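What follows is a single structure, written as structure tokens, with notes after it.
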């Protein structure tokens, strides 16, 4: 490395960030102080009252939280359980908590492994929890032993629980004490879903064992979104945000059913764009560009772990939606476009039925929507019609971040 290059790097490391002062405040995983949590006082109280018995070592009530994306469900659940853990320690209660993202941990065995590893202290229990190699029942046995040995109460947050492939884990966790699996430790569940119809997917045994309380989180309005961003304004250097930035970002997020997550994404991305431009202020133009980037980033995150064949099926639908007036397309129409795309990508085409299975997986992940109605063909039987949940341009930009799709033109 030349002295000139090293000097250039040194100047970068030594320079102060001209845009951000504490960017962590804009991270969706950040749990802010309670005064920064806007418009959720009632929801905080409801969840706290539901798990209150845990403070004294009692069994917390199981709780189901519903609401659209970005309505503060995960934030409130994490904040309340974190506060409960701190207060319980003062009361002499060993309360612990675990957070499971069910979009990433989708099977019963994966959930039990993650819980056992989260709650375990191998130095104290002498229990190992390997990532694989045991039966689900064996993992449960180790989890029960860990809980009884180390904890008085545990609270388990299952975020986006509707993404779990099976619901048996709910019954196992909620009935562990009653079934004699646990001798002393109490277990409480806080389940979070974007879908208010989630309970309809549960059988009577699971519903009976849960005996849950339910809370619905309403969307934020534009005023609340502005206030949320005002309370995170110190993420930026003083006087960096121009006057129109927060109102515009709030207005964009309010159009997306009051999504605070979207608002913070836009604000953070706008700051990044200003920084990349070498600007000393975040301007309206940065917010407008950041809105589009936030859509692409969100969709990219949904798609990043999807196999190539699934991306190809979604891309085929997006290319149809981009070129025709219709918004919904039948499996057959998508398959014809998909076959052309596989030739361009030089990959083997799946059968129409297997491609439809991939489309249905994307519906389950909220990447696509689906309707069942009478087909357009001669048979006029019922058929599936699929539609995008984002603009075709956003979908294609997200998929093209995968190098294999970067030069696709169909």
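In our numbering, the protein residues as written are 25 to 434. Note that the Cβ used here is the ideal one computed from N, Cα and C, for glycine as well. Just so you know, these numbers come straight off a predicted model, no measurement behind them.
Cβ neighbours of residue i in the same chain (closer than 7 Å, five flanking residues each side left out)
i           : result
residue 246 : 274, 275 and 278
residue 313 : 297
residue 333 : 374 and 382
residue 426 : 335
residue 418 : 319, 320 and 323
residue 142 : 122
residue 229 : 195
Reference residue i; option with closest CA among the options
i           : options               : result
residue 346 : 379, 57 and 420       : 420
residue 66  : 57, 100, 84 and 55    : 100
residue 180 : 357, 121 and 129      : 121
residue 40  : 322, 304 and 324      : 304
residue 134 : 143, 156, 144 and 117 : 156
residue 440 : 124, 114, 292 and 352 : No information on residue 440 is available, as it lies outside the stretch 25 to 434 that the chain covers here.
residue 407 : 429, 354, 428 and 423 : 354
residue 70  : 424, 115, 344 and 236 : 236
residue 173 : 385, 147, 196 and 185 : 147
residue 282 : 46, 244, 371 and 198  : 244
residue 352 : 48, 106, 338 and 152  : 338
Cβ neighbour criterion (16 or more within 10 Å) applied to residue i
i           : result
residue 154 : exposed
residue 267 : exposed
residue 300 : exposed
residue 331 : exposed
residue 356 : exposed
residue 204 : exposed
residue 52  : exposed
residue 85  : buried
residue 161 : exposed
residue 210 : buried
residue 138 : buried
residue 315 : buried
8 Å CB neighbourhood of residue i in its chain, flanking five on each side removed
i           : result
residue 413 : 390, 391, 392 and 393
residue 124 : 135, 138, 139, 180, 181, 182 and 183
residue 55  : 99, 102, 103 and 106
Alpha-carbon spacing of residue i relative to residue j, whole angstroms
i           : j           : result
residue 191 : residue 82  : 25 Å
residue 225 : residue 219 : 11 Å
residue 367 : residue 145 : 52 Å
residue 170 : residue 280 : 43 Å
residue 103 : residue 361 : 47 Å
residue 212 : residue 248 : 31 Å
residue 164 : residue 378 : 34 Å
residue 380 : residue 251 : 44 Å
residue 42  : residue 294 : 14 Å
residue 363 : residue 200 : 50 Å
residue 396 : residue 194 : 30 Å
Reduced DSSP category for residue i - H, G, I as helix; E, B as strand; rest coil
i           : result
residue 63  : coil
residue 163 : helix
residue 436 : Since the first residue of the chain shown is 25 and the last is 434, residue 436 is not available in this structure.
residue 183 : strand
residue 212 : strand
residue 151 : coil
residue 247 : helix
residue 236 : coil
residue 354 : strand
residue 121 : strand
residue 95  : coil
residue 44  : strand
residue 178 : strand
Close-in-space but distant-in-sequence residues of the same chain around residue i (CB under 6 Å, 5 per side omitted)
i           : result
residue 89  : 97, 216 and 239
residue 387 : 394
residue 376 : 359
residue 112 : 79 and 119
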